[in-house]
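Last residue of the sequence shown: 522 in the numbering used here, with the numbers rising by one and none dropped.
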Amino acid sequence: MAETVRLQKYLRRAGVASRRASEDLIREGRVTVDGRTVTELGTRVPADAEAVTVAVDGEVVEPQPARWVALHKPPRVITSREDPQGRSTIYDLLPEGPLRDLFHVGRLDYMSEGLLLLTNEGDLAHRLLHPSREVEKRYEVGLAPPVPEQVERRVLDGVELEDGRAAADAAARLPAEEGAVLLLTLHEGRNREIRRMMDELGAGIRYLRRLSFGPVELGDLEPGAWRELTHEEVGALRSAVSDDESAAKANPARSERH
Numbered sequence: 265m266a267e268t269v270r271l272q273k274y275l276r277r278a279g280v281a282s283r284r285a286s287e288d289l290i291r292e293g294r295v296t297v298d299g300r301t302v303t304e305l306g307t308r309v310p311a312d313a314e315a316v317t318v319a320v321d322g323e324v325v326e327p328q329p330a331r332w333v334a335l336h337k338p339p340r341v342i343t344s345r346e347d348p349q350g351r352s353t354i355y356d357l358l359p360e361g362p363l364r365d366l367f368h369v370g371r372l373d374y375m376s377e378g379l380l381l382l383t384n385e386g387d388l389a390h391r392l393l394h395p396s397r398e399v400e401k402r403y404e405v406g407l408a409p410p411v412p413e414q415v416e417r418r419v420l421d422g423v424e425l426e427d428g429r430a431a432a433d434a435a436a437r438l439p440a441e442e443g444a445v446l447l448l449t450l451h452e453g454r455n456r457e458i459r460r461m462m463d464e465l466g467a468g469i470r471y472l473r474r475l476s477f478g479p480v481e482l483g484d485l486e487p488g489a490w491r492e493l494t495h496e497e498v499g500a501l502r503s504a505v506s507d508d509e510s511a512a513k514a515n516p517a518r519s520e521r522h
């Protein structure tokens, strides 16, 4: 039997709109399937564009092949498509064309830098961000002097924040000419989690850089540069969240801002 998907998922894969916006298009009677207007959200259609004709406002749309990009976000760049204050966004770093249609997987805050993934594959991105998946991210954190005593031990033990206790999964301190450099591994995606932990401990951050997202490494990618993920990297991302796909549907994914 041919694979089928919900119509709103088909539209999202075609890059028409987000899931919720696609649902609005369906409700408004702007979507047709094989020439017939469809307004039921539960409608399923063949996943293969050759087996069905889906149109929005009379224009045929087809799912796009999955695409994944790694970007080295520099500091002082917004993880957003637009900024009311006119600051540079991550999309200003990408060439004109299809890459600017990709959406970012999680976030890095304005002053943070490092690895950011972009894709058009919403389902996999959602699973990667969901807290139940516990997908690890590694960060390098440069601390300004004076450095609190046993700071790496304290982030492992956990720090009380206004939204609950936060702790690193792993922490190591590297030699530094001044201050300190921490390597931290976390799997949560709370808003500005690392910065808030350091602030609570009285540690000043000189820089914060994400080194990896799950199995994908920043490597020697220069600030502002991007690259396509390899087939092996995309396969590793799928494997990281393939054990229990139903868990991701229990709660909405959290945004990440570190």
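Yeah, the Cβ is synthetic: ideal placement off N, Cα and C, and Gly gets one too.
Name the residue from the options whose alpha carbon lies nearest to the alpha carbon of residue i.
i: Leu447; options: Ala467, Arg454, Ala431, Gly406; result: Gly406
i: Leu393; options: Pro412, Arg371, Glu377; result: Arg371
i: Arg454; options: Ala436, Arg437, Ala444, Asp427; result: Asp427
i: Val505; options: Met462, Phe477, Tyr355; result: Phe477
i: Pro479; options: His495, Ser396, Tyr471; result: His495
i: Val602; options: Met375, Arg437, Arg300, Ala330; result: The structure shown has nothing for residue 602, since the chain only spans 265 to 522.
i: Trp490; options: Gly378, Val333, Pro348; result: Val333
i: Arg274; options: Leu382, Leu289, Pro327, Ala408; result: Reading off the sequence shown, one finds Tyr at residue 274, where the question assumed Arg. Comparing Cα positions, the closest option is Pro327.
Work out the CA separation of residue j and residue i for me, nearest whole Å.
i: Glu267; j: Ala440; result: 55 Å
i: Val309; j: Pro487; result: 42 Å
i: Arg418; j: Ala467; result: 12 Å
i: Val269; j: Asp373; result: 34 Å
i: Glu292; j: Arg345; result: 26 Å
i: Glu481; j: Asp298; result: 43 Å
i: Tyr403; j: His390; result: 21 Å
i: Gly499; j: Pro410; result: 43 Å
i: Pro359; j: Asp484; result: 20 Å
i: Arg397; j: Arg437; result: 27 Å
i: Glu413; j: Met462; result: 12 Å
i: Glu314; j: Gly386; result: 22 Å
i: Leu493; j: Leu465; result: 37 Å
Can you name the start and end residues of the alpha helix (DSSP H) that residue i belongs to?
i: Gly350; result: Neither: Gly350 is in no alpha helix (DSSP H) and is coded neither H nor E.
i: Tyr274; result: 271–277
i: His495; result: 495–504
By the DSSP assignment, the beta strand (DSSP E) with residue i in it spans what residues?
i: Ile469; result: 468–477
i: Leu435; result: Note that residue 435 is Ala in the sequence shown here, rather than Leu. Taken as a continuous stretch (DSSP letters only), the beta strand (DSSP E) holding Ala435 covers 434–438.
i: Arg391; result: Note, Arg391: premise wrong, no beta strand (DSSP E); alpha helix (DSSP H) at 386–393.
i: Ala408; result: 401–408
i: Val445; result: 444–450
With a CB to CB cut of under 7 Å and the five nearest residues on each side skipped, what residues in its chain are close to residue i?
i: Leu351; result: Here residue 351 turns out to be Arg, not Leu, going by the sequence shown. Correct list, in chain order: Ile342.
i: Asp433; result: Glu400, Thr449, Leu450, His451
i: Leu380; result: Leu335, Lys337, Thr343, Ile354, His368, Leu372
i: Arg460; result: Leu425
i: Ser286; result: Gln272, Leu275, Arg276, Val280
To which residues of the same chain is residue i closer than 6 Å at the C-beta, ignoring the five residues directly before and after it?
i: Asp321; result: Arg294
i: Arg429; result: Gly422
i: Ser376; result: Leu472, His522
i: Arg283; result: Gln272, Arg276
Hey, would you say the C-beta of residue i is under 7 Å away from at least one heavy atom of the ligand GDP?
i: Arg270; result: In the structure on display, the ligand GDP does not appear, and there are no ligands present to speak of.
* Asked: Is it a yes or a no for the region 328–345 touching the region 295–304, going by three-plus beta-carbon pairs under 8 Å?
  -> no
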